[in-house]
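Structure first, then comments.
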């Protein structure tokens, strides 16, 4: 909603993102916040990353089903609309010390299709500007993201539910996945085995090796 109010839509433009990063209107240069952000030490963005299940990435990229990218994008959009509902800002006027819901964000979404190890991995970096419009004080202020982080499990499920629904509509079967402790790990496309998923999961293998090294050194799991 915040991006919409500022007229931001479509392909992300570097100059627009840099303007709002500094607290300026992307088209007029008007100062939106009292303090202009300078330097690299200030918090200017939050990165909420949304990743597709491994089998989904494999089928989209190795299996060359480009429809899955559209399903992922739409599921991300649904999750972000839910995420935005938890946006808040701090209230300090009149001796107050609390947070107020604002329900608006400025988000630039960047979708990648590989992990750092160059395995198939569709994921979207949802970069939220550290700025939200306070509907009571009628001004742009710094974002308070605590409530968003408190609801990450819910937001993850919102993405998974929407993606699974769209994959089913495309004709795919899905299966729920749990680890050896019974913890819900989401879902995968039915028919893409764990062996295949593991073969395209170099980052997961790096993580598992690091855990084993930690156990040997510390005598416990991290």
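Residue numbers (the numbering used here): 838 to 1059.
Don't be surprised by glycine CBs; every beta carbon is placed ideally from N, CA and C.
Bear in mind that the values here come from a model prediction, so they are computed numbers and not experimental data.
Thinking C-alpha only, which one of the options is nearest residue i?
{"i": "residue 952", "options": "895, 914, 913, 995", "result": "895"}
{"i": "residue 970", "options": "992, 933, 857", "result": "857"}
{"i": "residue 1026", "options": "886, 917, 892, 847", "result": "892"}
{"i": "residue 862", "options": "1009, 976, 981", "result": "976"}
{"i": "residue 1047", "options": "1059, 930, 859, 899", "result": "1059"}
{"i": "residue 852", "options": "842, 843, 864, 844", "result": "864"}
{"i": "residue 839", "options": "918, 1001, 1006, 1018", "result": "918"}
{"i": "residue 964", "options": "842, 855, 844", "result": "855"}
{"i": "residue 1004", "options": "991, 902, 848", "result": "902"}
{"i": "residue 909", "options": "996, 848, 1012, 981", "result": "996"}
{"i": "residue 936", "options": "907, 883, 974, 869", "result": "974"}
{"i": "residue 848", "options": "923, 868, 870, 944", "result": "944"}
{"i": "residue 905", "options": "1014, 1001, 1049", "result": "1001"}
{"i": "residue 1009", "options": "983, 897, 1018, 954", "result": "897"}
{"i": "residue 871", "options": "931, 968, 932", "result": "968"}
Quick check on residue i: does DSSP put it in helix, strand or coil?
{"i": "residue 864", "result": "coil"}
{"i": "residue 1013", "result": "strand"}
{"i": "residue 1002", "result": "helix"}
{"i": "residue 975", "result": "coil"}
{"i": "residue 901", "result": "coil"}
{"i": "residue 927", "result": "strand"}
Determine the burial state of residue i: buried for a count of at least 16 other Cβ atoms within 10 Å of its Cβ, exposed for fewer.
{"i": "residue 925", "result": "buried"}
{"i": "residue 913", "result": "buried"}
{"i": "residue 942", "result": "buried"}
{"i": "residue 1036", "result": "exposed"}
{"i": "residue 978", "result": "buried"}
{"i": "residue 860", "result": "buried"}
{"i": "residue 890", "result": "buried"}
{"i": "residue 966", "result": "buried"}
{"i": "residue 885", "result": "buried"}
{"i": "residue 844", "result": "exposed"}
{"i": "residue 981", "result": "buried"}
{"i": "residue 1023", "result": "buried"}
{"i": "residue 986", "result": "exposed"}
{"i": "residue 1029", "result": "buried"}
{"i": "residue 959", "result": "buried"}
{"i": "residue 1052", "result": "exposed"}
The alpha helix (DSSP H) with residue i in it runs from where to where?
{"i": "residue 958", "result": "No alpha helix (DSSP H) holds residue 958; the beta strand (DSSP E) holding it covers 957 to 966."}
{"i": "residue 853", "result": "851 to 859"}
{"i": "residue 1035", "result": "1031 to 1036"}
{"i": "residue 921", "result": "904 to 921"}
{"i": "residue 1023", "result": "Where residue 1023 is concerned, there is no enclosing alpha helix (DSSP H), although the beta strand (DSSP E) it sits in stretches over 1021 to 1026."}
{"i": "residue 840", "result": "839 to 842"}
Return the Cβ separation of residue i and residue j in integer angstroms, given the expectation that the two are a contact with Cβ distance under 8 Å.
{"i": "residue 948", "j": "residue 961", "result": "4 Å"}
{"i": "residue 1038", "j": "residue 956", "result": "6 Å"}
{"i": "residue 915", "j": "residue 999", "result": "4 Å"}
{"i": "residue 920", "j": "residue 869", "result": "Contact flag wrong, Cβ pair sits at about 21 Å."}
Locate the beta strand (DSSP E) running through residue i, then write down its first and last residues.
{"i": "residue 884", "result": "882 to 888"}
{"i": "residue 893", "result": "Here residue 893 belongs to no beta strand (DSSP E); instead the alpha helix (DSSP H) covers 891 to 898."}
{"i": "residue 983", "result": "No beta strand (DSSP E) contains residue 983, which is instead part of the alpha helix (DSSP H) from 983 to 987."}
{"i": "residue 945", "result": "944 to 951"}
{"i": "residue 941", "result": "Looking at the DSSP string, residue 941 is not in any beta strand (DSSP E), and its letter there is neither H nor E."}
Does the CB of residue i have a neighbour CB from chain D at under 8 Å?
{"i": "residue 1058", "result": "Looking at the structure shown, chain D is missing, and only one protein chain is on hand."}
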